[in-house]
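What follows is a single structure, written as structure tokens, with notes after it.
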Amino acid sequence: MDSNSNQAVPAGLQRPSFSDLRAEARRILNLYWGKQVRTFPKPTGFSVYHPRSTDIIVVTNPKAGTTLLQNMTYQIAVATGGAPHFDPDGTNFDDINYMAPWVDYGPEFGRLECDSDPRIFKTHGRLKNFDLQKAKYIYCMRDPMRFSGSQMDFLFDIMSEVKVTDPKLREELLQEHVRQRLLGNYDEKIRVLYGKEKGEPGDWFLNVKEWTERPHKNVLILFYENVVRDLRGTALCIANFMGRKLTKEGLERVVSRCERKAMVGNPKFDCGVEAVVFKVEGAQKAKAEGRDGFAKIPIREELVKEIGKMLKATTGFEKYEDLREHLMARQERLFPDTSHRCDSENHTKDDP
Numbered sequence: 001m002d003s004n005s006n007q008a009v010p011a012g013l014q015r016p017s018f019s020d021l022r023a024e025a026r027r028i029l030n031l032y033w034g035k036q037v038r039t040f041p042k043p044t045g046f047s048v049y050h051p052r053s054t055d056i057i058v059v060t061n062p063k064a065g066t067t068l069l070q071n072m073t074y075q076i077a078v079a080t081g082g083a084p085h086f087d088p089d090g091t092n093f094d095d096i097n098y099m100a101p102w103v104d105y106g107p108e109f110g111r112l113e114c115d116s117d118p119r120i121f122k123t124h125g126r127l128k129n130f131d132l133q134k135a136k137y138i139y140c141m142r143d144p145m146r147f148s149g150s151q152m153d154f155l156f157d158i159m160s161e162v163k164v165t166d167p168k169l170r171e172e173l174l175q176e177h178v179r180q181r182l183l184g185n186y187d188e189k190i191r192v193l194y195g196k197e198k199g200e201p202g203d204w205f206l207n208v209k210e211w212t213e214r215p216h217k218n219v220l221i222l223f224y225e226n227v228v229r230d231l232r233g234t235a236l237c238i239a240n241f242m243g244r245k246l247t248k249e250g251l252e253r254v255v256s257r258c259e260r261k262a263m264v265g266n267p268k269f270d271c272g273v274e275a276v277v278f279k280v281e282g283a284q285k286a287k288a289e290g291r292d293g294f295a296k297i298p299i300r301e302e303l304v305k306e307i308g309k310m311l312k313a314t315t316g317f318e319k320y321e322d323l324r325e326h327l328m329a330r331q332e333r334l335f336p337d338t339s340h341r342c343d344s345e346n347h348t349k350d351d352p
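Numbering (full-length UniProt numbering), first residue to last: 1 to 352.
Here it is as structure tokens:
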């Protein structure tokens, strides 16, 4: 007998048999993908964005520290004399997406310009939408093994009409997300809905390949794991990349405002403006990961192998850790001064 058979079936869902779990997981995810296509606006911002050489664009795949880096970059600008006139202290804003808006959807957000100096934007977009010679880019990547669990927790925060508590179905949902969103194995009808720009096999890998394939002095590559472990080193690194010098007091203020306790539960980082623009029922709350939810469910071994194959095919490395070490070493050669090594121990004695 199923050990979970005594659990209540969530409203609106029938308990699937084991053989139907994948079909039910696919149905639920297709419900979201279809809704996303119908409600999300087109990314018209690229056609109206005019880059400046001082612009800083935070680039990530989803769930790789985007909001944290938006906030950190903005706080560095504030701490080094680049605050907007209406926010001299860097705390008088309602939503970080107004201070570092999503360049893809600028017209939809009503934010074509930024008020800080330098201007700060964010994107999950492809490299083909940008000119590396005309702005500076902070590209942050994260272990693909962590992507699906984090995004599934995000999706089920905003998909209020679907609540799944059955542990076997939750496990299958995670595996199906890996197949579809990470490896690109969408149902054909979803591919058609998304069109040519979405639903391509392995969008995650394509994004990583394009942004990291060749070194460029205007692209600073960060790693989510390093960022959350060393906020101080990351802040110094980003400041130097921006051409700014943080004082000791300024550095401490930036770090304190980027700590988890300062961001979790703070409505400034709940992405409420995104919920309005994208017509979703709720806002994604900044929260601690890995303690519950989909992020704790392991990815099955056969899918782990597929992830490794895809990573090898697109980057030349089968393991994310090896790719990270390669890119870190390459960046040290690109920026031989230690100011661009994003950890506290490698900064010079002249740094605060």
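Built from N, CA and C at the ideal position, the CB exists for glycine as well.
Here DSSP, grouped into helix, strand and coil, assigns V227 to helix. For H50, the number of other beta carbons within 10 angstroms of its own is below 16, and it is reported as exposed.
Taking 8 Å as the upper bound for CB-CB distance, K122 and V58 are in contact here, some 4 Å apart.
A distance below 8 Å separates the beta carbons of D115 and P84.
The Cβ-Cβ distance between I96 and T73 does not fall below 8 Å. With a threshold of 16 other beta carbon atoms within 10 Å, L169 meets it and is buried.
An exposed status is given to P88, since fewer than 16 other beta-carbon atoms sit within 10 Å of its beta-carbon. When C-beta atoms of the stretch 250-270 are compared with those of the stretch 63-79, three or more pairs fall below 8 Å, so the two segments count as touching. As DSSP reads the structure, Y139 sits in a beta bridge with V59 and I221. C-alpha of L334 to C-alpha of M328: approximately 10 Å in a straight line. Contact annotation, T80 with A239: C-beta distance approximately 7 Å; criterion of less than 8 Å satisfied. Two segments are said to touch when three or more pairs of C-beta atoms, one from each, lie closer than 8 Å; by this definition the stretch 296-316 touches the stretch 178-187. A straight-line Cα-Cα distance of about 20 Å links S53 and Q75. Secondary structure of F121 (DSSP, three-state): strand. Beta-bridge annotation (DSSP): W102 is paired with K122.
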